[in-house]
Amino acid sequence: LAAAAPTEDEAIDLARYPGLPEPVRRYLDWAGVDGRTPIDAARMRHGGTFSTDNGESWLPIRGEEYFTVAPPGFIWR
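Sequential numbering of the sequence shown, starting at 28, is according to the working numbering.
Written out as C-alpha coordinates, the structure is:
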(Lines of atoms letter the chains of each structure in order from A and count residues from 1; the text may use other names and numbers.)
(Lines give C-alpha, C1' and ligand atoms only; values in the text may rest on other atoms or scores of the structure.)
Protein backbone atom coordinates (compact mmCIF):
# COMPACT_ATOMS: atom_id res chain seq x y z
CA LEU A 1 0.00 0.00 0.00
CA ALA A 2 2.76 2.46 0.93
CA ALA A 3 4.60 1.74 -2.33
CA ALA A 4 1.68 3.29 -4.24
CA ALA A 5 1.98 6.60 -2.36
CA PRO A 6 4.14 9.19 -4.18
CA THR A 7 6.57 11.28 -2.16
CA GLU A 8 6.07 15.05 -2.20
CA ASP A 9 9.04 17.10 -1.01
CA GLU A 10 7.39 20.53 -1.08
CA ALA A 11 6.71 21.91 2.41
CA ILE A 12 3.19 22.82 3.51
CA ASP A 13 2.63 26.59 3.40
CA LEU A 14 -0.54 27.62 5.23
CA ALA A 15 -0.30 31.08 3.63
CA ARG A 16 -1.52 29.39 0.42
CA TYR A 17 -4.88 28.73 2.10
CA PRO A 18 -6.20 32.10 3.29
CA GLY A 19 -9.83 30.93 3.23
CA LEU A 20 -9.48 28.16 5.82
CA PRO A 21 -12.13 28.31 8.57
CA GLU A 22 -10.65 29.66 11.81
CA PRO A 23 -11.08 26.38 13.76
CA VAL A 24 -9.18 24.52 11.01
CA ARG A 25 -6.43 27.15 10.98
CA ARG A 26 -6.08 26.95 14.78
CA TYR A 27 -5.86 23.15 14.65
CA LEU A 28 -3.20 23.21 11.91
CA ASP A 29 -1.22 25.80 13.90
CA TRP A 30 -1.50 23.61 17.01
CA ALA A 31 -0.46 20.51 15.02
CA GLY A 32 2.61 22.33 13.70
CA VAL A 33 2.18 21.37 10.05
CA ASP A 34 3.26 24.72 8.56
CA GLY A 35 6.67 24.29 6.93
CA ARG A 36 6.67 20.49 7.19
CA THR A 37 6.55 18.05 4.30
CA PRO A 38 3.30 16.11 3.83
CA ILE A 39 3.11 12.46 4.83
CA ASP A 40 2.77 9.70 2.26
CA ALA A 41 1.59 6.94 4.55
CA ALA A 42 0.89 6.27 8.23
CA ARG A 43 0.48 3.28 10.52
CA MET A 44 -1.67 3.31 13.65
CA ARG A 45 -1.94 0.61 16.30
CA HIS A 46 -4.77 0.57 18.81
CA GLY A 47 -6.06 -1.57 21.61
CA GLY A 48 -8.60 -1.58 24.39
CA THR A 49 -11.91 -3.16 25.23
CA PHE A 50 -15.12 -3.30 23.23
CA SER A 51 -18.74 -4.12 24.03
CA THR A 52 -21.54 -4.53 21.51
CA ASP A 53 -24.41 -4.11 23.98
CA ASN A 54 -25.16 -2.63 27.41
CA GLY A 55 -24.73 -5.28 30.05
CA GLU A 56 -22.54 -7.49 27.86
CA SER A 57 -19.03 -8.29 28.96
CA TRP A 58 -16.19 -6.27 27.52
CA LEU A 59 -13.93 -8.03 25.04
CA PRO A 60 -10.32 -7.15 24.27
CA ILE A 61 -9.71 -5.55 20.90
CA ARG A 62 -6.48 -4.80 19.09
CA GLY A 63 -5.87 -3.57 15.61
CA GLU A 64 -3.45 -2.05 13.19
CA GLU A 65 -4.30 0.31 10.34
CA TYR A 66 -2.24 1.46 7.39
CA PHE A 67 -3.18 4.62 5.48
CA THR A 68 -2.00 6.18 2.22
CA VAL A 69 -2.74 9.66 0.98
CA ALA A 70 -2.42 9.30 -2.80
CA PRO A 71 -4.22 7.24 -3.80
CA PRO A 72 -6.43 7.46 -0.70
CA GLY A 73 -6.67 4.07 0.95
CA PHE A 74 -6.38 2.05 4.13
CA ILE A 75 -6.02 -1.49 5.38
CA TRP A 76 -7.38 -2.47 8.79
CA ARG A 77 -6.12 -5.64 10.45
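Here a beta-carbon is modelled for each residue, glycine too, at the ideal position from N, C-alpha and C.
Every value quoted in this text rests on a predicted model; they were computed, and no experiment measured them.
One question on the structure: do residue i and residue j come within less than 9 Å of each other, judged by their Cβ atoms?
i: arginine 70; j: glutamate 92; result: yes
i: glycine 74; j: proline 87; result: yes
i: glycine 90; j: arginine 72; result: yes
Based on Cα-Cα distance, which residue from the options lies nearest to residue i?
i: alanine 58; options: Leu41, Asp67 and Thr76; result: Leu41
i: proline 100; options: Asp67, Trp85, Phe77 and Arg52; result: First, the amino acid is wrong: residue 100 is glycine here, not proline. Measuring from the Cα of glycine 100, the nearest candidate turns out to be Asp67.
Which residue comes first and which comes last in the alpha helix (DSSP H) that contains residue i?
i: tryptophan 85; result: Neither: tryptophan 85 is in no alpha helix (DSSP H) and is coded neither H nor E.
i: alanine 58; result: 49-58
Tell me the residue span of the beta strand (DSSP E) that contains residue i.
i: threonine 76; result: 68-77
i: glycine 62; result: Looking at the DSSP string, glycine 62 is not in any beta strand (DSSP E), and its letter there is neither H nor E.
i: isoleucine 102; result: 100-103
Can you tell me whether residue i is buried or exposed, with buried defined as 16 or more other CB within 10 angstroms of its CB?
i: threonine 79; result: exposed
i: threonine 76; result: exposed
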